[in-house]
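S.K.: Quick one: the structure is below, questions incoming.
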Amino acid sequence: MAADAGAVVAAFLSAVADHDLDGAFALVADDADVRLPAAGVNGDAAAARGFLHATLTAFPDLTVRARRTVVAGDGTVVVELTLEGTQAGDYLGVVNQEKHLDVDEGWLFRVRDGRITAIHGYWCQNQVYRRLAVRRLDQPAIV
Amino acid sequence: MTLDTTPDVTGSDATNATSGRTPGVVVTAFFDAYRRHDVDGMVDLCSDNAEFSYVPFEAWGKQRVLRGDGKVRTIGKAIWAGLIHAFPDLTVDVHAIAESATGDVVAEVTIGGTQALPWGAIANRGRHYDEPHLFVFRVADGAVDGITAYWDGAGISRQLGHLEVD
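Protein chains in written order, with the numbering used here: chain A, 34 to 176; chain B, 701 to 866.
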């Protein structure tokens, strides 16, 4: 099961890296447990897809580079990855200044029966804001 | 906050031949020590040269970027002691631990506390925070040999009333 879980998550991230959200979310259960605390997202697959759509739209050259993958025997998969891209549109309230983003993140997935049933993404929004030249958390549109 | 002192450890049966302890058991003991605010106990569960990386720790200076990377016995120990000093009621709530067949262990943990002293650039306003964390451990020969952690530093700052990014 562990190897299968790793392959499912690798296929998901590969599709995201290809900006193919239809392909990515064909692997995700509709009622998946999605938690992206830095983005204030708690919900299901649609919530995760909405966040990734906004990210890929704002950073059309976004790349996803997996640095380390841990595949546990219970179907838990953690991927340490680096996201890089150049802002080309407003993003979660941050005006576009064409800044370059590079952020190290940790994403935890749970896989059951070949489908992703949980997506928990961990990163520091302060690191995102620094790179996009935001100075205050309550005023992301003011740089 | 409910403290889960016996989190499920799921995954492999990769019991270490030297210590007789699985990597998951070692990491559970690490968080038990953290929960007791026993920094020396945390360090003792790590190898002498254990690597340490708290990814959100980052300060941009004029000439360079300072990061929370280094060794457990230098950077890690100081960060843990400083956090416990500033948040004397610090809680460590382990939600889940899972391990791979190769000695890697991952854990989702909520860390929280009430601020009693300034912490880094964050002045003490007496506020409380709870923030989910993801930990990734590498365990070898019955000891933690590497720790990486991810969380949203902005989430902590907001809860403590610090609204500047730096």
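Where a beta carbon is used, it is the ideal one built from N, C-alpha and C, also for glycine.
As the structure is a prediction and not an experimental result, all values here were calculated from the model.
Give a yes or no on whether the C-beta atoms belonging to Glu891 of chain B and Gly812 of chain B are separated by under 8 Å.
M.R.: The structure shown does not extend to residue 891 of chain B, since chain B spans only 701 to 866, so no value can be given for it.
S.K.: Does the beta carbon of Thr848 of chain B sit closer than 8 Å to a beta carbon anywhere in chain A?
M.R.: For Thr848 of chain B, the answer is yes, since a Cβ of chain A falls inside 8 Å of its Cβ.
S.K.: Closest by CA to Arg169 of chain A, which one among B:Glu864, B:Gly853, B:Leu834?
M.R.: That would be B:Glu864, whose Cα lies nearest to the Cα of Arg169 of chain A.
S.K.: What is the rounded straight-line gap between the Cα of Cys746 of chain B and the Cα of Asp55 of chain A?
M.R.: About 43 Å.
S.K.: Runs of 3 residues minimum, wholly inside the segment 775-847 of chain B: which ones carry the beta strand (DSSP E) assignment?
M.R.: Runs found: 791-799, 804-814, 828-840.
S.K.: Within 10 angstroms of the Cβ of Glu113 of chain A, are there 16 or more other Cβ atoms? Answer buried if so, exposed if not.
M.R.: Flag for Glu113 of chain A reads buried.
S.K.: Going along the chain, which residues of the segment 748-765 of chain B sit with their C-beta nearer than 7 Å to a C-beta in chain A?
M.R.: The segment 748-765 of chain B vs chain A, Cβ under 7 Å: Val755, Pro756, Glu758, Trp760.
S.K.: Just list the residues that DSSP pairs Arg148 of chain A with in beta bridges.
M.R.: Note: Arg148 of chain A sits in a beta bridge opposite A:Arg145.
S.K.: Which of the residues in the segment 796-815 of chain B, read from start to end, lie with their CB under 7 Å from any CB of chain A?
M.R.: Within the segment 796-815 of chain B, the residues whose Cβ lies closer than 7 Å to some Cβ of chain A are Ala798, Glu799, Ser800, Ala801, Asp804, Val806, Glu808, listed in chain order.
S.K.: Return no unless some Cβ of chain B is closer than 8 Å to the Cβ of Asp66 of chain A.
M.R.: It does not; no Cβ of chain B falls within 8 Å.
S.K.: What does DSSP give as the partner residue(s) for Gly139 of chain A in the beta ladder?
M.R.: Looking at the DSSP assignment, Gly139 of chain A forms a beta bridge with A:Glu113, A:Tyr155.
S.K.: Select from A:Thr109, A:Leu60, A:Val144, A:Ala50 the residue whose C-alpha is nearest the C-alpha of Thr88 of chain A.
M.R.: Selected option, being the one with the closest Cα: A:Ala50.
S.K.: On the CB-based measure, 16 or more other CB atoms within 10 Å of its CB, does Thr96 of chain A come out buried or exposed?
M.R.: It counts as exposed.
S.K.: Say whether chain B places a C-beta atom closer than 8 Å to the C-beta of Val41 of chain A.
M.R.: Chain B, which has no Cβ nearer than 8 Å to the Cβ of Val41 of chain A, makes this no.
S.K.: For Ala121 of chain A, name the three-state secondary structure that DSSP assigns.
M.R.: Here Ala121 of chain A sits in coil by DSSP.
S.K.: Given a threshold of 16 other Cβ atoms within 10 Å of its Cβ, counted over all protein chains shown, does Thr728 of chain B qualify as buried or as exposed?
M.R.: Buried, by the Cβ-count rule.
S.K.: Along the chain, where does the alpha helix (DSSP H) containing Ala87 of chain A start, and where does it finish?
M.R.: Note, Ala87 of chain A: alpha helix (DSSP H), 78-91.
S.K.: Can you list, in chain order, the residues of its chain whose CB lies under 6 Å from that of Gln160 of chain A, leaving out five sequence neighbours each side?
M.R.: Only Val136 meet the Cβ criterion.
S.K.: I need the DSSP call for Gly39 of chain A, collapsed to helix, strand or coil.
M.R.: Three-state DSSP puts Gly39 of chain A in a helix.
S.K.: In the DSSP assignment, find the unbroken beta strand (DSSP E) run with Pro70 of chain A in it and report its ends.
M.R.: First-last for Pro70 of chain A: undefined, no H or E at that position.
S.K.: At 9 Å on the CB atoms, spell out the chain A contacts of Arg858 of chain B, in chain order.
M.R.: Under the 9 Å cutoff, chain A gives Leu170, Asp171.
S.K.: Taking only three categories from DSSP, how would you classify Asp107 of chain A?
M.R.: The answer is coil: DSSP assigns Asp107 of chain A none of H, G, I, E or B.
S.K.: Leaving out the 5 sequence neighbours to the left and right, which residues in its chain are closer than 6 Å to Ala81 of chain A when beta-carbon positions are compared?
M.R.: Result list for Ala81 of chain A: Val67, Ile152, in chain order.
S.K.: Residues bridged to Tyr754 of chain B by DSSP?
M.R.: Per DSSP, B:Gly768, B:Ala849.
S.K.: Figure out for me which residue from A:Val104, A:Arg164, A:Asn129 has the closest Cα to the Cα of Arg143 of chain A.
M.R.: Minimum Cα distance to Arg143 of chain A is reached at A:Val104.
S.K.: Quick one: grab the DSSP three-state call for Arg169 of chain A.
M.R.: Arg169 of chain A falls in the strand class under three-state DSSP.
S.K.: Put Arg773 of chain B into one of helix, strand or coil per three-state DSSP.
M.R.: If DSSP states are grouped into helix, strand and coil, Arg773 of chain B belongs with the helices.
S.K.: Applying a beta-carbon distance threshold of less than 9 Å, which residues of chain B neighbour Gln130 of chain A?
M.R.: Those do not exist, as Gln130 of chain A stays about 15 Å from chain B at its closest Cβ, beyond 9 Å.
S.K.: Any idea which residues DSSP pairs Glu131 of chain A with across the strands?
M.R.: BP columns for Glu131 of chain A are empty, so no partner.
S.K.: On a Cα-Cα basis, can you pick out the residue from B:Glu799, B:Asp804, B:Gln859 that is closest to Ile822 of chain B?
M.R.: Closest option to Ile822 of chain B, Cα to Cα, is B:Gln859.
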